[in-house]
Each structure stands twice: as C-alpha cells, then as structure tokens.
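Below is one structure, written out as structure tokens, with a few remarks after it.
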Amino acid sequence: ETGVTQTPRHLVMGMTNKKSLKCEQHLGHNAMYWYKQSAKKPLELMFVYNFKEQTENNSVPSRFSPECPNSSHLFLHLHTLQPEDSALYLCASSEDPGQGNYGYTFGSGTRLTVV
Amino acid sequence: AQSVTQLDSQVPVFEEAPVELRCNYSSSVSVYLFWYVQYPNQGLQLLLKYLSGSTLVKGINGFEAEFNKSQTSFHLRKPSVHISDTAEYFCAVSYLTGNQFYFGTGTSLTVIP
Numbered sequence: 001e002t003g004v005t006q007t008p009r010h011l012v013m014g015m016t017n018k019k020s021l022k023c024e025q026h027l028g029h030n031a032m033y034w035y036k037q038s039a040k041k042p043l044e045l046m047f048v049y050n051f052k053e054q055t056e057n058n059s060v061p062s063r064f065s066p067e068c069p070n071s072s073h074l075f076l077h078l079h080t081l082q083p084e085d086s087a088l089y090l091c092a093s094s095e096d097p098g099q100g101n102y103g104y105t106f107g108s109g110t111r112l113t114v115v
Numbered sequence: 001a002q003s004v005t006q007l008d009s010q011v012p013v014f015e016e017a018p019v020e021l022r023c024n025y026s027s028s029v030s031v032y033l034f035w036y037v038q039y040p041n042q043g044l045q046l047l048l049k050y051l052s053g054s055t056l057v058k059g060i061n062g063f064e065a066e067f068n069k070s071q072t073s074f075h076l077r078k079p080s081v082h083i084s085d086t087a088e089y090f091c092a093v094s095y096l097t098g099n100q101f102y103f104g105t106g107t108s109l110t111v112i113p
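Chains A and B, in that order, give the protein sequences.
Those letters in the first sequence? Residues 1 to 115, per my numbering, in order.
Those letters in the second sequence? Residues 1 to 113, per my numbering, in order.
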C-alpha cells in the first residue's frame, strides 16, 4: 500500500448504473486529486481539492461528480457513463497545495469498465 | 503553455544493459521536474525529482536523471537494468507555485531476459 487507498480496484458498470469510487489517505496531506488514465494518452487531471474545497474542474462532464467530506477522503460519483469513460481512475494526494515541489502520492487506481 | 514530451513510447532493452528514457518539456518559467514509475495494475510511484541545485538527481532503484536547462530536458538513466524494471515511466513538470502537474504520455520499458 502506498498510503493512498482506492476502492474498489475493479468496477464493471452498465451505462444506466450509479456507482462511487472511494479514495482515502492518512498521510496528513491537504490536497487530493482525481486523474483519468486512458491508454496512450497523458494523465488527465479531473478534479483538485485543497483543504476540502474544490479548486479545479477541468471541464469534466457532469456525469462525474466529486465529493470531499474531509481532507482524508475523496469520492467520485458516477452515473450514466459512456463506454469511452472506461479507464483507470487514479487518486493522488500532496502535502501543500500551494507549492509545486511536493510530489504526489498515488493510489493503485480503480479500473473502470463501462458496458 | 506547458507541455511534456516523452520521445519514445516503447523501449525494449536487454537485462543488465544501460537505458535512457527521454523527456523534454516546454515552459517559459522555471519548473520542477519529476519521474514516476507505474508497475502493472498499480498507481504511479515517485522515482526522483529535481527542484534546484545539482543537475544530477539520484532516485530509487538505481535510477538517476539529469536536468539540462539549455536543452529543456530531463532524461532518465540506469546503468544496468533488471527484469523488475519493466514498467511504464512518466515524466512530469510542475510550476514553482500551484499544485498542478503536467504528465507526458509515458514510456513503456520492457527488459528482455
């Protein structure tokens, strides 16, 4: 385990389903992120939370809905997804959201397949 | 605009041979530079980072990288690879302020026995 735990590891869902991805960190970090990783494409930043407040939404479709109830937990709620949303969804955290010299700590990801 | 280019999408190399994975970036301001490794079915793990000071940075698992400001490059090297080094490697940059990272498309390193 890397310090950032993501559940579930694998998820298969139909286009009409509603599901949620969970991310948890107990590193004392103040920033948390959702990334989408598709084959042969750069990692796509989806959402950024600093001190529980959403500070970035990179034009993500509304069928993805993030939630950050506290600095240790981050959720990604999914509904009416499309097959092209199938990807590895990675959660990450970092110490100080205001400084770029802190690396990210990544979770192992959730492999999502939309059928 | 910020961009990161990893010139090789796949690099096959024989075991115990040296390897270099290339990374170039474009930025009008100073940046921090990072290399991450992703083993199969896992998240990304930090290999090393350049913040300031010596341009040669040593990381985990025997990897090192050299920052070249004039060529805007941050190539990753290892003098002798092992089978266990087979993985995807990502170069990334971030600004001195702010917490957004910009990742390259990755280089798949395959070590051949």
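All C-beta atoms, glycine included, are put in the ideal place defined by N, C-alpha and C.
Please list the terminal residues of the continuous beta strand (DSSP E) segment that includes Met15(A). In the first sequence, residue 15(A) corresponds to position 15, counting from 1. Run containing Met15(A): none; DSSP gives neither H nor E here.
Closer than 8 Å, Cβ to Cβ, to anything on chain A: give me those residues from the stretch 40-63 of chain B, in chain order. Asn41, Gln42, Gly43, Leu44, Gln45, Leu46, Lys49, Leu51
Please compile the residues from chain B whose C-beta is within a distance smaller than 7 Å of the C-beta of Gly109(A). By one-based count along the first sequence, residue 109(A) stands at place 109. Here the neighbours are Gly43.
With distances taken from CA atoms, which of Ala92(A), Pro42(A), His29(A), Val114(A) is nearest Leu81(A)? Here residue 81(A) refers to the residue found at position 81 of the first sequence. Of Ala92(A), Pro42(A), His29(A), Val114(A), the residue nearest in Cα terms is Val114(A).
I'd like to know whether the C-beta of Leu96(B) is nearer than 9 Å to at least one C-beta of chain A. Here residue 96(B) refers to the residue found at position 96 when the second sequence is read from its first residue. Yes, Leu96(B) counts as interfacial toward chain A.
The stretch 25-33 of chain A touching the stretch 69-78 of chain A, judged by at least three CB pairs closer than 8 Å: yes
Which bits of chain E does Tyr104(A) rub up against, with CB to CB less than 7 Å? The displayed structure is made up of protein chains A and B, and chain E is not among them.
Excluding the 5 residues preceding and the 5 following Lys52(A) in the sequence, name in chain order all residues of the same chain whose CB lies nearer than 8 Å to its CB. Start at 1 with the first residue of the first sequence, and residue 52(A) comes out as number 52. So the qualifying residues of the chain are Cys68, Pro69, Asn70, Ser71.
Please check if any C-beta of chain A sits within less than 9 Å of the C-beta of Ser9(B). For the purposes of this step, residue 9(B) is taken as the residue at position 9 of the second sequence. It does; some Cβ of chain A falls within 9 Å.
Along chain A, which residues have their Cβ under 9 Å away from the Cβ of Phe34(B)? Residue mapping note: residue 34(B) aligns to position 34 of the second sequence, counting from 1. For Phe34(B), the neighbours in chain A by C-beta distance under 9 Å run, in chain order, Gly103, Tyr104.
For Ala92(A) and chain B, any beta-carbon pair shorter than 9 Å? Locating residue 92(A) in the first sequence gives position 92, counting from the first residue. At least one chain B Cβ lies under 9 Å of Ala92(A).
Own chain, CB closer than 6 Å to Lys78(B), minus 5 neighbours either side, in chain order: Indexing the second sequence from 1 puts residue 78(B) at position 78. Cβ within range, chain order: Val19, Gly62, Phe63.
For the ligand HEM, is there a heavy atom less than 8 Å away from the beta-carbon of Ser30(B)? Absent from the structure shown: the ligand HEM. Ligands present: none.
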